[in-house]
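Reading through the structure tokens given below for one structure.
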Amino acid sequence: MPLVPLRPVLDATVKYGYAQGAFNVNAVAQAEAVIAVHEMFRSPAILQGADLANAFMGGRVDFANGTLEDKKKGARNIAEAVKKFAEQSPIPVVLHLDHGISYEQTVQCLRLGFTSVMYDGSHDSLADNIRESQTVVRSAHAVGVSVECELGAISGVEDGISHKNVNLVDVDEVREFISKVDCDALAVGIGNAHGMYQGTPHFDFDRLQACQKLSPPPLVLHGGSGTPDDMIRQAIKLGIRKINVATELRMAFMEGLESTVGQRDFYQMYRTAKENMAALARHKIQLFQGKL
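When we follow the working numbering, the leftmost residue of the sequence shown carries the number 195, and every step to the right adds one.
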């Protein structure tokens, strides 16, 4: 099946009151495993390539120092792999740029066939974020591509990069932003963080509820890895419709490799790593769909 935009997938979550998982891929095996599990549930799949992970997929081991060309090459590799699996799959698949940091980068992904892009202007002033987000939305919507934006910069570590600030989204800024930017999804900071949490996270559910009362586009929770299941259920109840999972998927892959190292069997190591990822994705999908 051809790749599809993000918006119709999220429209279904709004209609039926569940959340769609979005899984970051750093290797072809991840894309293959995640799509296969979604096929079991006959559910759409969202596969994401993050800004810095794109540099890794472009062959840059020290991806934190990746150039725009490294990221472009990585984005092309991710796009080709996901398109290949999607074409062979009976389910809708979204190819999404996670945390695009510039207009130029989002345009590159539009040219490569991404069907959804995120422009993350959350570290800029509200005025700059609005202006740049509007520019990205105009360009993306002109070619049928969905756009996710962000308010309230998310803290934590993603792809080896630390974001130490703890930003809770300003509800008044959400009101102004959605009145001026026609985005298809909006990530908000409510105490969530990228990477694995040290201890139990503390989400500001009152803030999330206040955002939802503004009738925003579908809300997104970044930092879904390691969040207790009961907190995920509450977030979905209060309006979260897309939940990103990255670190846990990588950890599942690594744990699969580690569990079979002593067997000195490459093929078994690879199979076990994929099975571990599939098991993790299966749990997340069921949780997000209210089946657990």
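No residue lacks a Cβ here, since even glycine has one placed at the ideal position from N, Cα and C.
- Look at Asn218 here: in three-state DSSP terms it is strand.
- Val228 sits away from Leu246, with the two beta carbons spaced by 9 Å or more.
- Cβ-Cβ distances below 6 Å link Leu320 to Glu367 in the same chain, with the five nearest sequence neighbours on each side left out; the list follows chain order.
- Assignment of Arg427 by DSSP, reduced to helix, strand and coil, places it in the helix class.
- Rounded to whole angstroms, the gap between the alpha carbons of Leu306 and Val455 is 37 Å.
- By the Cβ criterion, the segment 371-381 is in contact with the segment 409-416, since at least three pairs of Cβ atoms, one from each stretch, lie closer than 8 Å.
- If you draw a 10 Å sphere on the C-beta of Arg236, you find fewer than 16 other C-beta atoms in it, and that means exposed.
- Residue state for Gln242 is assigned as strand, using DSSP reduced to three classes.
- Note: Ile434 is bridge-paired with Leu413 in the DSSP secondary-structure output.
- In the DSSP annotation of this structure, the continuous segment of the alpha helix (DSSP H) that includes Gly268 starts and ends at Leu262 to Glu281.
- Contact between Ser340 and Leu200 holds: CB atoms are separated by about 4 Å, below the 8 Å threshold.
- The continuous alpha helix (DSSP H) containing Val330 extends over residues Leu320 to Ala336.
- In the structure shown, Asp292 adopts extended strand secondary structure according to DSSP, grouped into three states.
- In this chain, the alpha helix (DSSP H) harbouring Val365 covers Val365 to Lys374.
- Taking C-beta separations shorter than 6 Å and ignoring five residues to either side along the sequence, the partners of Gly268 in its chain run Asn248, Ala249, Met251 and Gly252, following chain order.
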